[in-house]
Amino acid sequence: MSELPGKVRSGPLNLRQIEVFHAIMITGSLSAAGRLLHVTQPAISRVLASIELRLGYALFERFKGRLHPTKEARKLFQEVESIQAGVHRLNDMAAGLAGHGGGLVSVVSSPSFGEWLIPAATAKFCARNPGVRIRYRPLGMDALLPQLLLGHADIAISTFKPEHPNLITSELTQGEIVCVLPVGHRLARESVIEPAMLAGEMLVGYGRDTPLGETLFDYLDPLGQEFAPAIEVRSSQTACSFVRQGVGVALVDSYGLTDALMHGLVVRRIEPAIALSVHVSHSRIEPPPSIAKAFLAQFSQIVKKELPAMTQAIVKRT
50 MSELPGKVRS GPLNLRQIEV FHAIMITGSL SAAGRLLHVT QPAISRVLAS
100 IELRLGYALF ERFKGRLHPT KEARKLFQEV ESIQAGVHRL NDMAAGLAGH
150 GGGLVSVVSS PSFGEWLIPA ATAKFCARNP GVRIRYRPLG MDALLPQLLL
200 GHADIAISTF KPEHPNLITS ELTQGEIVCV LPVGHRLARE SVIEPAMLAG
250 EMLVGYGRDT PLGETLFDYL DPLGQEFAPA IEVRSSQTAC SFVRQGVGVA
300 LVDSYGLTDA LMHGLVVRRI EPAIALSVHV SHSRIEPPPS IAKAFLAQFS
350 QIVKKELPAM TQAIVKRT
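Residue numbers (the working numbering): 50 to 367.
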């Protein structure tokens, strides 16, 4: 154990200190914990210092600008996880009482699912479960994971599998990556788009620091050249908006394809194909409540039955 020099104040940790410690553990840095809790990095640093002073030993070791939890911190984290789960249950109960016992389902997802799949599932679910409230947030992968780990969301639906020992993730079904082109583009007459065909095109795409960006960087490298996007965006919906204006071409996931979004665009399948799974995750420590499982069952039914048909219809029609 690494003891701290100087006078140590004894006493229990308060809930704010526990919350800050939990945020640092799941994000790995003071700045990321500050963003998660909507406070400044210095404020997080001060709270951490007060925690370590109160405990009398260090919780993190600093190495090359990164925080590494000590053995004591890892042990404390196991208990803190159960506390956070209890706070989450309390908030859900309070929300349910405010809604006359209807309950609350908290869902986060990759942005593409918010285009029509989650709204469609929500419409059918709410029709069958009047009084239940839905709290939904479309988020990037970097923000989606902390929502689950902090207990702010019951389930997360994502295009890529989150990697964390405290999460349980299953695969529902598979979508695909398609190529989106402006109407009248030279490649619109092709039935299938191959990577080499995109050489010389202005690409609307994603940063390599994103899962989809990393996948597409590898895909667009058939000749040993790196095809960086000329215009970098954060979602397939935004990419389609740029392409609609004739700015370039894009490779997007099929989850957000709708008639409205594809207006003025041509959609083509790519070869070789890239399979893209629908992943559902929840906390290993605090499984989702039964009402959230019911919502997930409704979403699963829609994504398995309606997604393939919608994709096929749009590709054929354009």
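Every residue, glycine too, gets a C-beta built ideally from N, C-alpha and C.
Less than 8 Å separating the beta-carbons of residue i and residue j?
| i | j | result |
| --- | --- | --- |
| Leu194 | His213 | yes |
| Val96 | Arg65 | yes |
| Arg293 | Gly313 | yes |
| Val298 | Leu247 | yes |
| Pro278 | Val253 | yes |
| Ser326 | Leu216 | no |
| Ile280 | Phe266 | no |
| Ala341 | Ile242 | no |
| Ser161 | Ser240 | no |
| Leu116 | Phe126 | no |
| Ala288 | Glu225 | no |
| Glu121 | Tyr106 | yes |
Pick from the options: whose alpha carbon is nearest that of residue i?
| i | options | result |
| --- | --- | --- |
| Pro357 | Gly295, Ser330, Ala324 | Ala324 |
| Ala176 | Ala362, Ile363, Ala343, Met359 | Ala343 |
| Gly152 | Gln133, Ser159, Arg184 | Arg184 |
| Phe209 | Ala237, Ile73, Thr264 | Thr264 |
| Val329 | Thr259, Glu243, Met190 | Met190 |
| Lys124 | Ser158, Met74, Ser94, Pro160 | Met74 |
| Pro24 | Ser158, Lys173, Phe174, Glu225 | Outside the modelled stretch of the chain, which goes from 50 to 367, sits residue 24, for which no answer is possible. |
| Lys354 | Met311, Gln223, Ala98, Leu310 | Gln223 |
Do you know how far the Cα of residue j is from the Cα of residue i?
| i | j | result |
| --- | --- | --- |
| Met251 | Asp308 | 24 Å |
| Gly45 | Gly305 | This structure cannot speak to residue 45, because the chain is shown only from 50 to 367. |
| Leu272 | Val227 | Low local confidence applies: a pLDDT of 47 at Leu272 is under 50, so the model's placement there is unreliable, and no value is given. |
| Ile167 | His71 | 30 Å |
| His149 | Pro179 | Residue placement at His149 cannot be trusted, given a pLDDT of 43 that sits under 50; what the coordinates show is reported in the next sentence. In a straight line, the C-alpha of His149 is about 11 Å away from that of Pro179. |
| Gly135 | Ser78 | 24 Å |
| Leu221 | Val352 | 8 Å |
| Ser339 | Val156 | 14 Å |
| Phe112 | Gly295 | 48 Å |
| Ala170 | Arg283 | 24 Å |
| Asp258 | Trp165 | 26 Å |
| Ala82 | Pro91 | 11 Å |
| Leu197 | Val364 | 35 Å |
| Ala202 | Gly249 | 43 Å |
| Asn63 | Ile93 | 14 Å |
| Leu230 | Ala237 | 7 Å |
| Pro336 | Arg182 | 19 Å |
| Lys173 | Leu104 | 51 Å |
| Ala362 | Val232 | 17 Å |
| Arg318 | Leu300 | 10 Å |
| Pro260 | Ser219 | 18 Å |
| Arg84 | Ser99 | 20 Å |
How would you label residue i, buried or exposed, when you count the other beta carbons within 10 angstroms and need 16 or more for buried?
| i | result |
| --- | --- |
| Asp270 | exposed |
| Glu320 | exposed |
| Ala245 | exposed |
| Asp302 | buried |
| Ser207 | buried |
| His234 | buried |
| Glu68 | buried |
| Gln133 | buried |
| Leu130 | Looking at the sequence provided, one finds Glu at residue 130 rather than Leu. Answer is buried; the Cβ neighbour count reaches 16. |
| Gln347 | buried |
| Pro61 | exposed |
Inside the stretch 181-205 only - alpha helix (DSSP H) runs reaching at least 4 residues: Runs of the alpha helix (DSSP H) inside the stretch 181-205: 190-198.
Unbroken stretches of the alpha helix (DSSP H), 4 residues or longer, contained in the stretch 216-290: DSSP assignment within the stretch 216-290 yields the following whole alpha helix (DSSP H) runs of 4 residues or more, N-terminal first: 260-268.
Any beta strand (DSSP E) of 3 or more consecutive residues that is wholly inside the stretch 288-348: Counting only runs of 3 or more, we get 298-302, 314-319, 324-332.
Contained alpha helix (DSSP H) runs [length at least 4] in the stretch 81-146, N- to C-terminal order: Entirely contained in the stretch 81-146, the alpha helix (DSSP H) runs reaching 4 residues are, in chain order, 90-104.
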